[in-house]
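Residues -5 to 152 (our numbering) are what the sequence shown spells out, left to right.
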Amino acid sequence: MQIKNRQFWIAALIAFFLDQITKYWVLQSFQLRQTRPLIEGVFHFTYVRNYGAAFNILDGQVDSLKWLSLFVSLGLVGLAVFAPELEFWERLGYGFILGGAMGNGIDRFVLGYVVDFLDFRLINFPVFNFADVFINIGIACLLIGSFQKNPTTNRRSR
């Protein structure tokens, strides 16, 4: 049996499991706000709780955001199941976005917050996680795909 949009499902599973495995490691290995430098002053693992969205946007809106994560995830699953075969970059992009949305959504439903731990200090960037990384990779894939599409012509049938 051929699975439709196979790369979509593979990308989603890789993103989801990598995100959840690393968050489990952080929860088992770190105390809240504990930091471990990988490159001192540049990149650290720092465990923080995010009660908002990316970069703490909508801080404290966990209830709204958990439902948004669920609806986005269901919409993307519906797209992969019911839409025609997606283009390659769309399959990867939407799959990575689904994996990231599910990863952060699970955190919101189970924990009431999102586990963040990737801490780039060199540029004073907000702490984030692999779900955020995969959502951004997914957006980049969709942008690449949009530049590779052939423009359609509007010709009238005669």
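Positions of the beta carbon are idealized from the N, C-alpha and C atoms, including for glycine.
- Which first and last residues belong to the beta strand (DSSP E) in which Tyr41 is found? Run containing Tyr41: 37 to 44, per the beta strand (DSSP E) assignment.
- Message: Quick check on this structure: which residue in Gly106, Tyr41, Gly132 has the alpha carbon closest to the alpha carbon of Gly89?
- Response: Comparing Cα positions, the closest option is Gly132.
- Item | Reduced DSSP category for Leu59 - H, G, I as helix; E, B as strand; rest coil | In the structure shown, the three-state DSSP call for Leu59 is helix.
- Query: Can you tell me whether Arg149 is buried or exposed, with buried defined as 16 or more other CB within 10 angstroms of its CB?
  - Reply: Residue confidence for Arg149 is low, a pLDDT of 43 falling below 50, so the modelled location carries little weight and cannot support an answer.
- Message: Considering only their Cβ atoms, is the gap separating Leu136 from Glu84 smaller than 8 Å?
- Response: Here Glu84 is near Leu136, since their CB atoms are less than 8 Å apart.
- Which listed residue (Arg30, Val109, Gly87) has its alpha carbon closest to that of Gly97: For Gly97, the closest of Arg30, Val109, Gly87 by C-alpha to C-alpha distance is Val109.
- Item | C-alpha gap between Ser151 and Leu70, whole angstroms | Legend: pLDDT at Ser151 = 46, less than 50; position of this residue unreliable, no value from coordinates given.
- Task: Confirm, please, whether the CB-CB distance from Leu112 to Asn123 is below 8 Å.
- Result: For Asn123 and Leu112, yes; Cβs fall inside 8 Å.
- Query: Between the beta-carbon of Gln1 and the beta-carbon of Phe82, is there less than 8 Å?
  - Reply: Taking 8 Å as the Cβ cut-off, Gln1 and Phe82 qualify as a contacting pair.
- Nearest-angstrom Cα separation, counted from Ser58 out to Phe10: Taking the straight line from one Cα to the other gives about 21 Å.
- Message: Using CA atoms only, rank isn't needed, just tell me which of Thr40, Arg43, Ala47, Ala95 is closest to Ser67.
- Response: Of Thr40, Arg43, Ala47, Ala95, the residue nearest in Cα terms is Ala95.
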